[in-house]
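Residue numbers (the working numbering), protein chains in the order written: chain A, 1 to 365; chain B, 366 to 588. Below is one structure; the comments refer to it alone.
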Amino acid sequence: MTGRISGPAMTKMQASVLIVVIVGVGAVAMSAYLVLEVPARQRLIVSTTTSLYETGFLDELKVKFEAKYSNLNVSFISQGTGLAIQTAMRGDADMILVHDPAREVQFLQGGYGVNRKIVAYNFFIMVGPSDDPAGIAGKSPAEALNMIRSAGLDGAAIWVSRGDDSGTHSKEKSLWKSIALDTKNLRRERWYLEAGSGMTATLKLANEKRGYTLTDIGSYLLNFNNHNIDLVRLVESGKSMLNVYSVIAGDPRNANLTKANFEGSMLLIRYLVSNEGQDLFANFGVKDYSQPLFKPYLKLVESNSDPELIQWIHDLAFIDGSECPDQYRYNAAGLYSMQLTAPVLGVAPFSVLREIQSWILSPKA
Amino acid sequence: MIRAIGLILSGDPEVYRIASLSLYTAGTGTLLSCTWSIPISTVLALRNFHGKRVLKGLFNAAIGIPTVALGLYLYLVLSRSGPLGSFQFLYTPNAIIIGQSILVSPIVVSFSASALESVDPELRDLARTLGASDLQTYGVIIKEASWGVILAVMAAFNRAFGELGIAMMLGGNIRYVTRLLTTAIALETARGEIALSIALSFILLAITVSVSVAVNLARKPTS
């Protein structure tokens, strides 16, 4: 850049300008292609959890749902449950698909959400190195955590926490709480690591550190089959390890959510609880893992094959005896009455009574 | 590694779509930024005014602005409950373009201002003597410094093309909508699809390098 440039140099310069222009024009042309390909479809933004997203379930859901409702374009924003709920509260998502009942209640109580439906469930598992230095294999979750902590204090074991305010993190905190330990204090101890990231990243960290961690079954199988990790399953099932996924529509009456796509949200909720949506849960992952990664909740209720499990789900994820109390329902015509066809009498008569009561009292429900 | 190359060669349409969307957002963002950054750099380089040094210092400092910080502020502004929420830009390619255009502005401003300043002052006087107006004089100087300006634009494009924070926070990494090369790499790594991540990173590198090489080739014979 001497400032002394001869005549021919200008033409070379023009050539380079030309290249930049070509790149620019090419980019704009591609943009036209990208924009034109999606002719004015309505957007439906769903903020959701990393576990559902990383397993690829939502990609399949998107394809199937959009095939049926071609005017909708579903966008999934993958975040931990905590952040997913925050996003919806700001009005940046139309609905949430999450797995943290306590925070779902807050979301409803804050006036942000309506028409909660429980759609699926599975179990968390504890995984760790195959030599299992703390000896937790086959123990109950509470025993296992106690053993990991004492081994950890001896320097023999490591626990890796999600540490990202996700639904899995909430579950982990409640498990520690059940043995009277507070993660606020544990995080200061050397054996307790916080990954601060999604499930796969946390599993990989645990794998590198030869540590134990809590994971949903889907994320574990995905990474184990991919040979990303060689951690083994050590503690499984049990009531305290239950994991329940719910879907909640943004309340269009909330000032932050007036632009939310409520109709679209309701279509997706209805789809998820329909036979087709429930089958999607039942079949996803069967081919690769010879078991469904997420089990359909309504199918379970319908078949009434495992009353104890249904009761567990009620205990964990019901609010005042209902999956969604009256005051949190809005234009939900028929969404809750369909449960009357397959009540779980004998198991939770109270919640069924609530359903019947609400059905009679509210003409829309 | 072999799987990664296989993935590129297999010509998966989604991969091309992701790559073209990356080119589109970075290209449009950079061009958009030029519409204000080049005029600003011209004023900054060729005019004398109070506080000029401070302003230049600020632009220089802003070159290194962390993308996550800028992404966060713009997220709050573009959010439906934020001041520009009514445009519903969040989680669209437009949001990424806006973010990247702001991100690269300090690069274009600072680098082109230096290029313009390095043009021989005699040229300016000469143009004046020959009766050029202010605007015409600026035109002559920009023409003279065009190589430096192009380099500035190139650097800006590369920064926009390779950044992750803004694309993730403002775009949301939505499949088919706002998934770029960088966010796809982050996601596929998080998913444990390392081969796919490597394949995507090769494409990212290949495009970055080939754009730079192409521009350099156009210049080389004269230098």
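For each residue, glycine too, the CB sits at the ideal point set by N, CA and C.
Give me the chain A residues within the contact set of residue i, using Cβ-Cβ distance strictly less than 9 Å, ordered along the chain.
i, result
"B:R489", "Correct list: empty, because the minimum Cβ distance to chain A is about 10 Å."
Just to check my reading of the structure: residue i and residue j have Cβ atoms closer than 8 Å, yes? What is that Cβ distance to the nearest angstrom?
i, j, result
"B:V542", "B:E509", "In fact, because the Cβ distance is near 43 Å, the residues do not count as touching under 8 Å."
"A:G128", "A:I118", "In fact, because the Cβ distance is near 30 Å, the residues do not count as touching under 8 Å."
"B:S477", "B:L397", "Actually they are not in contact, since the Cβ atoms of B:S477 and B:L397 sit about 15 Å apart, beyond 8 Å."
"A:R103", "A:G82", "7 Å"
"A:L221", "A:E172", "About 19 Å; that fails the 8 Å criterion."
"A:N122", "A:N243", "5 Å"
"A:R116", "A:Y328", "6 Å"
"B:I568", "B:L468", "So it is not a contact: roughly 21 Å between Cβ atoms."
Would you give the residue range spanned by the beta strand (DSSP E) that residue i belongs to?
i, result
"A:M126", "G113 to G128"
"A:V46", "Q42 to T48"
"A:D164", "No beta strand (DSSP E) contains A:D164, which DSSP labels as neither H nor E."
"A:N243", "L242 to G250"
"A:M95", "M95 to V98"
"A:I319", "Where A:I319 is concerned, there is no enclosing beta strand (DSSP E), given that its DSSP letter is neither H nor E."
"A:V74", "L72 to S78"
"A:L193", "Y192 to E194"
Answer with buried or exposed for residue i, where buried requires no fewer than 16 other C-beta atoms within 10 angstroms of its C-beta.
i, result
"B:R418", "exposed"
"B:V518", "buried"
"B:H415", "exposed"
"B:L423", "exposed"
"A:H99", "buried"
"A:E276", "exposed"
"A:Q106", "exposed"
"B:L491", "exposed"
"A:S246", "buried"
"B:G536", "buried"
"A:K184", "exposed"
"B:T432", "buried"
"B:I367", "exposed"
"B:R524", "buried"
"A:Q278", "buried"
"A:A348", "Confidence is the limiting factor: at A:A348 the pLDDT is only 44, short of 50, which leaves the residue's position unreliable, though a coordinate-based value still follows. Flag for A:A348 reads buried."
"B:I507", "buried"
"A:K68", "exposed"
"B:S457", "This sequence places Thr at residue 457 of chain B; Ser is not what is there. Flag for B:T457 reads buried."
"A:G198", "buried"
"B:D499", "exposed"
"A:P141", "buried"
"A:D315", "exposed"
Could you spell out the range, first to last residue, of the alpha helix (DSSP H) harbouring residue i?
i, result
"B:L374", "I367 to L374"
"B:W401", "P378 to L411"
"B:G355", "Lying outside 366 to 588, the shown extent of chain B, residue 355 of chain B is not represented and no answer is given."
"A:A157", "Looking at the DSSP string, A:A157 is not in any alpha helix (DSSP H), and its letter there is neither H nor E."
"A:N223", "I217 to N225"
"A:M232", "The sequence given here places Val at residue 232 of chain A; Met does not occur at that position. Premise fails: A:V232 lies in the beta strand (DSSP E), V232 to V235, not in any alpha helix (DSSP H)."
"B:S575", "I559 to R584"
"A:N207", "M199 to K209"
"A:Y289", "V286 to Y289"
"B:V473", "P458 to E482"
"B:I550", "L546 to R556"
"B:P486", "P486 to T494"
"B:M533", "Careful: B:M533 lies outside any alpha helix (DSSP H) and carries neither H nor E."
"A:G56", "Element bounds for A:G56: n/a, residue is neither H nor E."
"A:T258", "Here A:T258 belongs to no alpha helix (DSSP H), and DSSP marks it neither H nor E."
Chain B partners of residue i, CB-CB under 7 Å?
i, result
"A:N228", "G557"
"A:T200", "A555, R556 and G557"
Mind listing the chain A neighbours of residue i? Cutoff is C-beta to C-beta under 7 Å, in chain order.
i, result
"B:Q501", "Simply none; closest approach about 17 Å."
Chain A partners of residue i, CB-CB under 8 Å?
i, result
"B:S614", "Residue 614 of chain B lies beyond the stretch modelled for chain B, which goes from 366 to 588, so this question has no answer here."
In chain B, which residues lie with their C-beta within 9 Å of the C-beta of residue i?
i, result
"A:L222", "R556 and G557"
Would you say residue i reaches chain E, if we count a Cβ-Cβ gap shorter than 9 Å as a contact?
i, result
"B:L409", "The structure shown has no chain E; the protein chains it does contain are A and B."
Checklist entry - If you measure beta-carbon to beta-carbon, which residues of the stretch 242 to 275 of chain A are closer than 7 Å to chain B? => result Near chain B, meaning a CB-to-CB distance below 7 Å, the residues of the stretch 242 to 275 of chain A are N256 and K259.
Checklist entry - If you measure beta-carbon to beta-carbon, which residues of the stretch 524 to 543 of chain B are closer than 9 Å to chain A? => result Hits within the stretch, in order: G537, N538, I539, R540, Y541, V542 and T543.
Checklist entry - the stretch 187 to 198 of chain A: which residues have C-beta closer than 7 Å to a C-beta of chain B, in chain order? => result Per Cβ criterion, the list reads G198.
Next on the checklist: Against chain B, which members of the stretch 41 to 58 of chain A pass a CB distance test of less than 7 Å?
Outcome noted: Residues of the stretch 41 to 58 of chain A with a C-beta less than 7 Å from any C-beta of chain B: I45 and E54, listed in chain order.
Checklist entry - Got a sec: which bits of the stretch 454 to 472 of chain B sit with their beta carbon under 8 Å from any beta carbon on chain A, in order along the chain? => result Cβ contacts with chain A: L455, Y456 and P458.
Checklist entry - Which residues, taken in chain order from the stretch 289 to 302 of chain A, show a beta carbon closer than 8 Å to some beta carbon of chain B? => result The residues in question: there are none.
Item to check | Chain-ordered residues of the stretch 57 to 82 of chain A with a beta carbon less than 8 Å from chain B | outcome: For the stretch 57 to 82 of chain A, which is checked against every Cβ of chain B, the residues closer than 8 Å are D59, K62, N73, S75, F76, I77 and S78.
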